[in-house]
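*Asks:* Each residue of the sequence shown is one higher than the one before, counting from 25 in our numbering.
Starting off with a structure, shown below.
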Amino acid sequence: MEPETIRNVDRRTLLKLSVLTAIAGSAPLRAETQQSEEGSFAARRPMPTVDARFPAEMAPGVFLLPDRRIPLVPNIGIIVGKESALVVDCGLDLESAENVLRLARELAPRRRLVLTVTHAHPEHGFGAQVFRNDARIYYNTAQRDHLLRSGKALLDCFRAGVLPPEQKHLLDGVELTPPHETYAGLQATIDLGGREVRLCNWGVAHSPGDQVVVLPQDRILFAGDLLEEGMFPIVPFFPPMIDAEDIDLARWEMALADIIRLQPRLIVPGHANLGGPELPEAVLGYFRTLRNLVAQSDRSADLRSAVHARYATWENPEFIAPALQYLRQGG
Ligand SMILES: [Zn+2]
Numbered sequence: 025m026e027p028e029t030i031r032n033v034d035r036r037t038l039l040k041l042s043v044l045t046a047i048a049g050s051a052p053l054r055a056e057t058q059q060s061e062e063g064s065f066a067a068r069r070p071m072p073t074v075d076a077r078f079p080a081e082m083a084p085g086v087f088l089l090p091d092r093r094i095p096l097v098p099n100i101g102i103i104v105g106k107e108s109a110l111v112v113d114c115g116l117d118l119e120s121a122e123n124v125l126r127l128a129r130e131l132a133p134r135r136r137l138v139l140t141v142t143h144a145h146p147e148h149g150f151g152a153q154v155f156r157n158d159a160r161i162y163y164n165t166a167q168r169d170h171l172l173r174s175g176k177a178l179l180d181c182f183r184a185g186v187l188p189p190e191q192k193h194l195l196d197g198v199e200l201t202p203p204h205e206t207y208a209g210l211q212a213t214i215d216l217g218g219r220e221v222r223l224c225n226w227g228v229a230h231s232p233g234d235q236v237v238v239l240p241q242d243r244i245l246f247a248g249d250l251l252e253e254g255m256f257p258i259v260p261f262f263p264p265m266i267d268a269e270d271i272d273l274a275r276w277e278m279a280l281a282d283i284i285r286l287q288p289r290l291i292v293p294g295h296a297n298l299g300g301p302e303l304p305e306a307v308l309g310y311f312r313t314l315r316n317l318v319a320q321s322d323r324s325a326d327l328r329s330a331v332h333a334r335y336a337t338w339e340n341p342e343f344i345a346p347a348l349q350y351l352r353q354g355g
């Protein structure tokens, strides 16, 4: 193999890793880390298994399993009505989903279970097969189509490189599990018995069909990866693997503005800590900053450090570059 070819292969491998790191909202896997410290970085990553021992009750019958800021663990919700209970996201792997299912059974005895996922990225719902016989799996057609179209590639790449070697076994036995039922269009309502829950989506935003789960009576909203807290938002623009058609930043901004208009008291982001309307306001401000910088500067200017300096406390700065790249190609 010629040296040039080797470099190309390395670049492709690194691209693949960074794409999937971005999709997963995981900790940074920078090129230099991969090349010089392989293993040592991986060794520092906590196991992304959902810990279901300490649910927090945000309102009567509305529970949160916090992600504890562990990469590849999503924030998970369990919403209990008189007749049914809704589980929001279930984790990357079977053990995570089993932990979530067991907890849902404890918190919602004798209720029918419904599982929904905020979007089709792996750590939010690849454990769904655990729920197949115990719950009705329900989300929107755009999410289902995205899972059917891209799920296998995502799973393969997680196996191939996103997970460090000592975590790869987490995907053993994982089968892509489509929903039992979907809704078309931008909204659906589920009556859990004395508690109404709304599922809302805007089409393609952070991914095709991202949906938020709204509890109008409690003014609680689960946002999935439309929102993170204290982290750079994940704009997974990595052509040719993920190109512009699977992301729509303008629609994403519309979704965030709509979330603010809903006036939620409590917002659960896809990853990290709970907050209020300041979470979508911060992400909208960030996108505005990026748009202005891109509009005012030369295509060749490296804006990453300027952006990082403005958001010095935010985690995962590796997501700045794909966001800038997406905007520069006209998004
Ligand atoms: Zn995501």
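All C-beta atoms, glycine included, are put in the ideal place defined by N, C-alpha and C.
Would ARG134 be called buried (16 or more neighbouring beta carbons within 10 Å of its own) or exposed?
*Replies:* It counts as exposed.
*Asks:* Leaving out the 5 sequence neighbours to the left and right, which residues in its chain are closer than 8 Å to LEU351 when beta-carbon positions are compared?
*Replies:* Excluding residues within five positions, the ones whose Cβ falls inside 8 Å are LEU273, LEU314, ARG315 and VAL318.
*Asks:* As a quick exercise: from ILE271, ARG243 and VAL237, pick the residue whose alpha carbon is nearest that of GLY227.
*Replies:* Among ILE271, ARG243 and VAL237, the Cα nearest to that of GLY227 belongs to ILE271.
*Asks:* Report the residue from VAL112, LEU216 and LEU223 whose alpha carbon sits nearest the alpha carbon of GLY209.
*Replies:* Considering only alpha carbons, the answer is LEU223.
*Asks:* Can you pull the DSSP bridge partners for GLY248?
*Replies:* DSSP output for GLY248 lists PRO293 as bridge partner(s).
*Asks:* Okay, do the segment 232 to 247 and the segment 337 to 352 touch, 3+ Cβ pairs below 8 Å being the bar?
*Replies:* The answer is no - the segment 337 to 352 does not touch the segment 232 to 247, with fewer than three Cβ pairs under 8 Å.
*Asks:* With C-beta atoms as the reference, is PHE311 less than 8 Å away from PHE256?
*Replies:* It is not a contact, given that the beta carbons lie outside the stated cut-off.
*Asks:* Nearest to ASP234 by CA position, among LEU200, GLU130, THR140 and GLN320, is which residue?
*Replies:* Closest by alpha carbon: THR140.
*Asks:* With a cut-off of 8 Å on the beta carbons, I'd call LEU200 and LYS176 a contact; round off their distance for me.
*Replies:* Rounded, the Cβ-Cβ distance is 7 Å, consistent with contact.
*Asks:* With a CB to CB cut of under 7 Å and the five nearest residues on each side skipped, what residues in its chain are close to LEU110?
*Replies:* Cβ neighbours of LEU110 beyond the five flanking positions: ILE103, VAL138, THR140, ILE214, LEU216 and VAL221.
*Asks:* Taking any heavy atom of ligand 1 as the mark, which residues have a C-beta closer than 5 Å to it, listed down the chain?
*Replies:* Result (chain order): HIS145 and ASP249.
*Asks:* Among ARG126, ASP75 and ALA132, which has the Cα closest to the Cα of GLY85?
*Replies:* Taking only the C-alpha atoms, the option nearest GLY85 is ALA132.
*Asks:* Just tell me which of HIS148, SER329, ARG328 and ARG77 has its CA closest to the CA of LEU171.
*Replies:* Looking at the Cα atoms, HIS148 is the closest of the given residues.
*Asks:* Quick check on this structure: which residue in LEU303, GLU190 and PHE155 has the alpha carbon closest to the alpha carbon of ASN123?
*Replies:* For ASN123, the nearest C-alpha among the options comes from PHE155.
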